[in-house]
Each structure stands twice: as C-alpha cells, then as structure tokens.
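Please read the structure below before turning to the comments.
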Amino acid sequence: MAELTHSVADMIDQLGRLPGIGRKSAERLAYHLLRVPKTEALALADSIRSVRENVRYCEQCFNLSEAARCPICTDPNRDTTRLCIVEQPRDLISLEQSGMYRGLYHVLLGRIAPLDGIGPDQLTIDPLVDRVRLGKFTEVIMATNPTVEGDGTSLHISNLLQEYPVEITRLARGITAGSVLEFTNKEILADALNGRQKL
Ligand SMILES: [Zn+2]
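Just so you know, we're using numbering that gives the first Met the number 0 here: the sequence shown kicks off at 0 and counts up by one.
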C-alpha cells in the first residue's frame, strides 16, 4: 500500500508541473486515471512516449515533424518564394487553418524576451538568416505576435535581413494588439495575411 501511495503521489506531483494545472486539478486527474479502464490510462502514457520519441523539429523550418523535414517543407506545391516567420509551431497551425497562405515557414521557437533572459541566440535566427541568404525568397512575412516582445523580435530580424533583396512585410493589425495568434480566429488571420503591409 505504501508503494501505491508513493506512485499516486508521484503522479500527482508530475501532473501538477503541467502549465495551468494546480494541486487540486492534478489530484482530480490522477484519481480519474486510476478510475478509467487501464487501457485508456495507458493509451495516454503511450501517446506521451510516442510524441517524445518520434516528434522532433524540422531541420529546415523548425516546425514539429516526424521526419527530418516536415510535410510543409517537402510539399512540392508550396510557394518557395515566400517565407512566413512565426514564434511557435502552434502559430503556424493557426495560419495554416486560415487557408490563405501557401508559402513556407520559419519557426523561431520563442521570441526575444530580455526580462525572461531570452536573447536572439536562443532562437532559430541564425538558420533563418542562412535560409534567406541561400534561398530564393522574394518576400519575408513577419507573423510574430502583436506584443511588445513579438514586435521587438520582428524588428531585430528585419534589421538583420536588410542587406538581402527581399521585401519584408508584416501581418495587418486586424489582430488586436496583445492578442496571440493561436487564439485568433481564422477569418481575422486571413484578413491579416491579405492586408499585410511593408515593414
Ligand atoms: Zn519544415
């Protein structure tokens, strides 16, 4: 019994480390997982294992991928003259769901946030500059979030890209300042893409 108590306590502890899950929710989830059929609980464990063992970052754009390159980078029908820069893979998904964009992406895996100690070298900015230097892009679209940090990141990158012959644009501000791409509905995102402006 002591052993069981220990495992349950450990699971509550693990669940409680997830974002947005307090102690009470962690307990509720743990007791839920003890109550459901064993196969159901183990399916969750298996899917966590599978994601962590099989999913990695695309070597080209840093989107989530199960192969060296993601399905967008390997899709021959994408427009390889446009490159859209986003903070996170979930922002890329929001833009894909708008259905308005057929170019390629580059995922920064974060934003420059001096207060959190995140500088440009912790993001995928170096490989981004290499891609622009070596690629055939005519347009780079800044789709960082319309927050102080997102704007700062976008400014830093556009300064670095000044020397290359690409047009730099950003999403139109149909998106309310401070709102986050992943929570913006697809019609507004589609308008923001259509109305993008020169930076
Ligand atoms: Zn990719």
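Even for Gly, the Cβ is constructed at its ideal location relative to N, Cα and C.
How many whole angstroms separate the CB atoms of residue i and residue j, which I take to be in contact at a CB cut-off of 8 Å?
i, j, result
"residue 168", "residue 197", "6 Å"
"residue 97", "residue 192", "6 Å"
"residue 149", "residue 143", "4 Å"
"residue 172", "residue 145", "6 Å"
"residue 132", "residue 103", "15 Å between Cβ atoms; not a contact."
Output the boundary residues of the alpha helix (DSSP H) element that contains residue i.
i, result
"residue 30", "22 to 34"
"residue 148", "147 to 160"
"residue 193", "185 to 193"
Could you pull the DSSP bridge partners for residue i from this structure?
i, result
"residue 106", "85"
"residue 258", "The shown model of the chain, from 0 to 198, leaves out residue 258, and the question about it has no answer."
"residue 167", "139"
"residue 64", "55"
"residue 112", "117"
So, with DSSP's three-state summary, where would you put residue i?
i, result
"residue 99", "coil"
"residue 198", "coil"
"residue 117", "strand"
"residue 79", "strand"
"residue 17", "coil"
"residue 123", "coil"
"residue 11", "helix"
"residue 48", "helix"
"residue 235", "No statement about residue 235 is possible, as the shown extent of the chain runs from 0 to 198 and does not include it."
"residue 172", "coil"
Identify the continuous beta strand (DSSP E) that holds residue i and give its terminal residues.
i, result
"residue 139", "138 to 141"
Handout entry: Within 5 Å of ligand 1: residues by beta-carbon to any heavy atom
Key = 57, 59, 60, 62, 69 and 72
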